[in-house]
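In my numbering, the protein residues as written are 2 to 272.
Using N, Cα and C, we set each Cβ at its ideal position, and we do this for glycine too.
Values in this document were obtained by computation on a predicted structure and should not be read as measured data.
Working notes for the structure below.
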DNA sequence: ATGGTGGTCATACCA
């Protein structure tokens, strides 16, 4: 029995409940971290998820915007929320699980998109994004408590050249500007995190997790970006079996513009 | 250079 975690920016969990249930039925992750749920906790559709076998949920939602939720087949031994930038935006929830004696902190993160203008002096949303990135620098993979960690979510940045369809054309586009990509890689390094999607797909290969709604034909033009990420503490790397980018979900009925990303781990006792 | 498509909540605002 492997351990599988998935992350998906769902762009309204209530509107897209049918494809959430389809994904859970077909891929059966142990944990699913959702972003942009756009749903206050009191209105979160728990019952159908419980019926699908996901009995545990850690919710941090608000009306209309943002919102994260971590749903699980395994119980949580602890949950926590972090506020970023002194705001009450719902952009983070931490849930700790125990899997075969190994405790794992799972951070579910939704980073600010940042608007269109790339000058933080002119665009407060981009300034907010940069401050969020700065605060992500003090988000360690090793908390010093002996637990492993995973950090997943929509970070709204495609850090590497082949995380976008055209590096050259995207350098002036929010999500791939040099300040964002260097800050994100800086936060990753400062926290001691490993970008595990890129341990299985080499940086020379294109890899996308998001395709705009605005394209006439998203699959034909294939102008994607890798905005969704799975980071781990280095101690989990020996157990990493494979990753899955569920590209097919972009073609499902009433799709999100993001697709689920997954990591599959061998059971620690098997190695 | 522009607008292209979605979501929320009922109007602009956000992605």
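Inset, instruction - Closer than 6 Å by C-beta to residue 177: which residues in its own chain qualify, once you throw out the five before and the five after it? Chain order, please. - result: 159, 165, 171
Inset, instruction - Buried or exposed for residue 78, please, with buried defined as at least 16 other CB atoms from any protein chain shown within 10 angstroms of its CB. - result: exposed
Legend entry - Beta bridge counterpart(s) of residue 5 as assigned by DSSP: 265
Legend entry - Proximity to residue 31 [Cα-Cα], best of 50, 40, 6: 6
Inset, instruction - Using DSSP bridges, identify the partner residues of residue 36. - result: 10, 69
Inset, instruction - Could you give the DSSP three-state label for residue 163: helix, strand or coil? - result: helix
Inset, instruction - Compare the Cα-Cα distances from residue 27 to each of 235, 174, 247 and report the closest residue. - result: 247
Legend entry - Rounded Cβ spacing between residue 121 and residue 128 (contact assumed at less than 8 Å): 4 Å
Legend entry - Complete alpha helix (DSSP H) runs within the segment 139-190 (minimum length 4 residues, chain order): 168-171
Legend entry - Inter-residue CB distance, residue 142 and residue 192 (contact presumed, cutoff 8 Å): 5 Å
Legend entry - residue 208 versus 37, 64, 167, 39, residue with shortest Cα-Cα distance: 167
Inset, instruction - Quickly, what does DSSP pair residue 234 with across the bridge? List them, please. - result: For residue 234, which the question treats as bridged, DSSP gives no partner whatsoever.
Legend entry - residue 213 to residue 225 span [Cα, whole Å]: 7 Å
Legend entry - Three-state class that DSSP yields for residue 225 in the structure shown: strand
Inset, instruction - Report yes if the CB atom of residue 14 is closer than 8 Å to the CB atom of residue 40, and no otherwise. - result: yes
Legend entry - Residues that DSSP places opposite residue 106 in a beta bridge: 97, 150
Inset, instruction - Under 8 Å by Cβ, that's how I've got residue 156 and residue 195 pegged, so tell me the actual separation to the nearest angstrom. - result: At roughly 15 Å, the Cβ-Cβ gap does not stay under 8 Å, so residue 156 and residue 195 are not in contact.
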